[in-house]
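There are 2 protein chains.
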Amino acid sequence: MSSTAAGAATDELDPRRTQILRAALEVIAERGYSETRIADVAERVGVSPALVMYYFKTKDRLLAEAIRHAEDLWYVDGTRLMEAIPTASGRLEALVRITCLSDEEVGLSSESWALWIDLWCQALRRPAVAAVREEFDAHWRETIRAVVRHGQAAGEFEPVDADEVAVALSALLDGLSVQLALRDPAVTEERAFETAMRFASRLLGFAWEPPQRVRRRRA
Amino acid sequence: MSSTAAGAATDELDPRRTQILRAALEVIAERGYSETRIADVAERVGVSPALVMYYFKTKDRLLAEAIRHAEDLWYVDGTRLMEAIPTASGRLEALVRITCLSDEEVGLSSESWALWIDLWCQALRRPAVAAVREEFDAHWRETIRAVVRHGQAAGEFEPVDADEVAVALSALLDGLSVQLALRDPAVTEERAFETAMRFASRLLGFAWEPPQRVRRRRA
DNA sequence: CGCAGCACTGACTGACTGTTCAGAATGGGG
DNA sequence: CCCCATTCTGAACAGTCAGTCAGTGCTGCG
Numbered sequence: 011m012s013s014t015a016a017g018a019a020t021d022e023l024d025p026r027r028t029q030i031l032r033a034a035l036e037v038i039a040e041r042g043y044s045e046t047r048i049a050d051v052a053e054r055v056g057v058s059p060a061l062v063m064y065y066f067k068t069k070d071r072l073l074a075e076a077i078r079h080a081e082d083l084w085y086v087d088g089t090r091l092m093e094a095i096p097t098a099s100g101r102l103e104a105l106v107r108i109t110c111l112s113d114e115e116v117g118l119s120s121e122s123w124a125l126w127i128d129l130w131c132q133a134l135r136r137p138a139v140a141a142v143r144e145e146f147d148a149h150w151r152e153t154i155r156a157v158v159r160h161g162q163a164a165g166e167f168e169p170v171d172a173d174e175v176a177v178a179l180s181a182l183l184d185g186l187s188v189q190l191a192l193r194d195p196a197v198t199e200e201r202a203f204e205t206a207m208r209f210a211s212r213l214l215g216f217a218w219e220p221p222q223r224v225r226r227r228r229a
Numbered sequence: 011m012s013s014t015a016a017g018a019a020t021d022e023l024d025p026r027r028t029q030i031l032r033a034a035l036e037v038i039a040e041r042g043y044s045e046t047r048i049a050d051v052a053e054r055v056g057v058s059p060a061l062v063m064y065y066f067k068t069k070d071r072l073l074a075e076a077i078r079h080a081e082d083l084w085y086v087d088g089t090r091l092m093e094a095i096p097t098a099s100g101r102l103e104a105l106v107r108i109t110c111l112s113d114e115e116v117g118l119s120s121e122s123w124a125l126w127i128d129l130w131c132q133a134l135r136r137p138a139v140a141a142v143r144e145e146f147d148a149h150w151r152e153t154i155r156a157v158v159r160h161g162q163a164a165g166e167f168e169p170v171d172a173d174e175v176a177v178a179l180s181a182l183l184d185g186l187s188v189q190l191a192l193r194d195p196a197v198t199e200e201r202a203f204e205t206a207m208r209f210a211s212r213l214l215g216f217a218w219e220p221p222q223r224v225r226r227r228r229a
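Line by line, the protein sequences give chains X and U.
Take 11 as the starting number for the first sequence in this note's numbering and just add one per residue.
Take 11 as the starting number for the second sequence in this note's numbering and just add one per residue.
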């Protein structure tokens, strides 16, 4: 999943290290943060548990670095995809799509949202995790804000407060994603996508109509 | 906190039992679901750990019942408060207020949102918890939907799809509450409240202006 | 060759904690 | 007063797991 050419650069630095980090991410996604045992991670890599301790002095450190690693991967893939799109409304739609729809090329939605919720949960009590989370969220809102400003400069969007939009839209996306991650029957991926887009278009005053029942085109 | 006269009825049934449940909720809020030890709960009540096992055969069962207990408390307090308000827009504002603002008489916001995030996290993997969560969320959306329909019947709100509004508004509130629970500096309680209300009023087409800097009145 | 440094392991331990169990206290009914 | 059910406890058990440590194999270098 993900990180096709993304992690290549970091892989060069210390293959074993990033190999362990990736394994840790997989285990976290499967078993949850607090249920992740270093034995699991070691087994997945095919090494002894002691080696994991050799690279990361402690379990906390391993998990913290794994989370940060996931953050990096996500942004490398995400921003690359975004920059390929010219119009602001198109970019915004891409943003919404990668958070709501899982069948995209940037395919980390379903399981990575679980990881995201887990991150929140840990951030409640572990200051180290909280710092990563806040940083990540600030970055995310900044991304939205930039798209909004871009669209406003180009005359695509109305001149509303970009900060306000960023807070509101990111919150809405978070909330919808929680329902998706928990597979709530009341919130399907399409519904989440359309709800978020309707919200965004109304807020920013640009035209947007939901795709017809057919799988949508519109690169 | 909360449950002034609320838990009275259930307290009669088995005082010790509900005493343990309440203690469990406190510990969960402090230490987190997965870090909660039965020894903690026992100590808080002032009994031996074995007694906790005596009432609830297993730890999982204790925690599951504690969550359900919290759910009950929340709704008893919540609906009682809501029914005292006549207008739909007033009710909606009350809904938004009890989720965003912590200094209200229904004072479970700050720490109970932590419990809520924890609930999501556990629901990811434990089917039993997932069931409680889904039921709770469905109930919550139904509450919103009812208020919307009520307002539409009274001509306060525009005739938009009530389901759609319920999904969108509950998602927005969830997302904002996450930021509040994690004490993100970018999202203060007032800001969350105003953002949600602006969203709701725009969506439903009713007039709403943010309160002036002064602490608002308007019962 | 010999040596130093690195990646790596197996076996162990120490702490923690859910759970059990045999039995003590308590209190009401006969 | 005795009996029985209920409530409650202290102590021990058993499993799990992060973290340690002494030592092994390997590689490259002088």
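Backbone N, C-alpha and C fix where the C-beta goes; we use that ideal spot for every residue, glycine too.
Query	Result
Can you tell me which of X:Ala98, X:Met92 and X:Thr28 puts its alpha carbon nearest to the alpha carbon of Thr109 (chain X)?	X:Met92
Any beta carbon of chain U sitting closer than 8 Å to that of Asp194 (chain X)?	yes
What in chain U is Cβ-close to Ala3 (chain X), meaning under 8 Å?	Since the first and last residues shown for chain X are 11 and 229, residue 3 (chain X) lies out of range.
So Trp150 (chain X) is in the alpha helix (DSSP H); what residue range does that whole segment cover?	Pro137 to Ala163
I need the straight-line Cα distance from Tyr85 (chain X) to Arg27 (chain U), nearest angstrom please.	49 Å
Buried or exposed for Val170 (chain U), please, with buried defined as at least 16 other CB atoms from any protein chain shown within 10 angstroms of its CB.	exposed
Check for me: the alpha helix (DSSP H) holding Asp171 (chain U) runs from which residue to which?	Per DSSP, Asp171 (chain U) belongs to no alpha helix (DSSP H) and is neither H nor E.
Output the distance between the C-alpha atoms of Glu145 (chain U) and Leu134 (chain U), rounded to the nearest integer angstrom.	15 Å
What residue range does the alpha helix (DSSP H) around Trp84 (chain U) cover?	Lys69 to Glu93
Would you say Glu93 (chain X) touches the ligand SAM, meaning its beta carbon is less than 7 Å from a heavy atom?	No copy of the ligand SAM occurs in the structure displayed, which carries no ligand at all.
Check the Cβ-Cβ distances between Asp147 (chain U) and every residue of chain X, and say whether any is below 8 Å.	yes
Counting only Cβ pairs nearer than 8 Å, list the residues of chain U close to Asp152 (chain X).	Note on identity: in this sequence residue 152 (chain X) is Glu, with Asp being the wrong assignment. Per Cβ cutoff of 8 Å: no residues; Glu152 (chain X) is ~10 Å from chain U at best.
What residue does the alpha helix (DSSP H) around Thr205 (chain X) start on, and which one ends it?	Glu199 to Leu214
Could you check which residue in U:Arg136, U:Trp123 and U:Leu83 has the C-alpha nearest to that of Ala74 (chain U)?	U:Arg136
Using the three-state DSSP reduction, which class does Leu134 (chain X) fall into: helix, strand or coil?	coil
Quick check on Ala181 (chain X) - is its C-beta less than 8 Å from some C-beta in chain U?	yes
Would you please state the rounded distance, in angstroms, between the beta carbons of Leu214 (chain U) and Phe167 (chain U)? I believe it to be under 8 Å.	4 Å
Which class does Tyr65 (chain X) belong to by DSSP, given the choice of helix, strand or coil?	helix
Determine the closest residue to Gln189 (chain X) out of X:Trp150, X:Glu121, X:Ala141 and X:Arg212, with distance taken between C-alpha atoms.	X:Glu121
I want to verify the contact list: residues of chain U whose CB lies under 8 Å from the CB of Arg54 (chain X), in sequence order.	The contacting residues do not exist; Arg54 (chain X) stays about 18 Å from chain U at best.
With distances taken between CB atoms, is the gap from Val62 (chain X) to Ala76 (chain X) smaller than 8 Å?	no
Name, please, each residue of chain X whose Cβ falls closer than 7 Å to the Cβ of Trp130 (chain U).	Ile127, Val188 and Leu192
Could you compute how far the alpha carbon of Asp24 (chain U) sits from the alpha carbon of Thr68 (chain U)?	18 Å
Leu179 (chain X) and Ala210 (chain X) look like a contact to me (Cβ under 8 Å); what is the Cβ gap, rounded to whole Å?	6 Å
Does Tyr43 (chain U) pass the burial test, meaning 16 or more other C-beta atoms within 10 Å, or should it be called exposed?	buried
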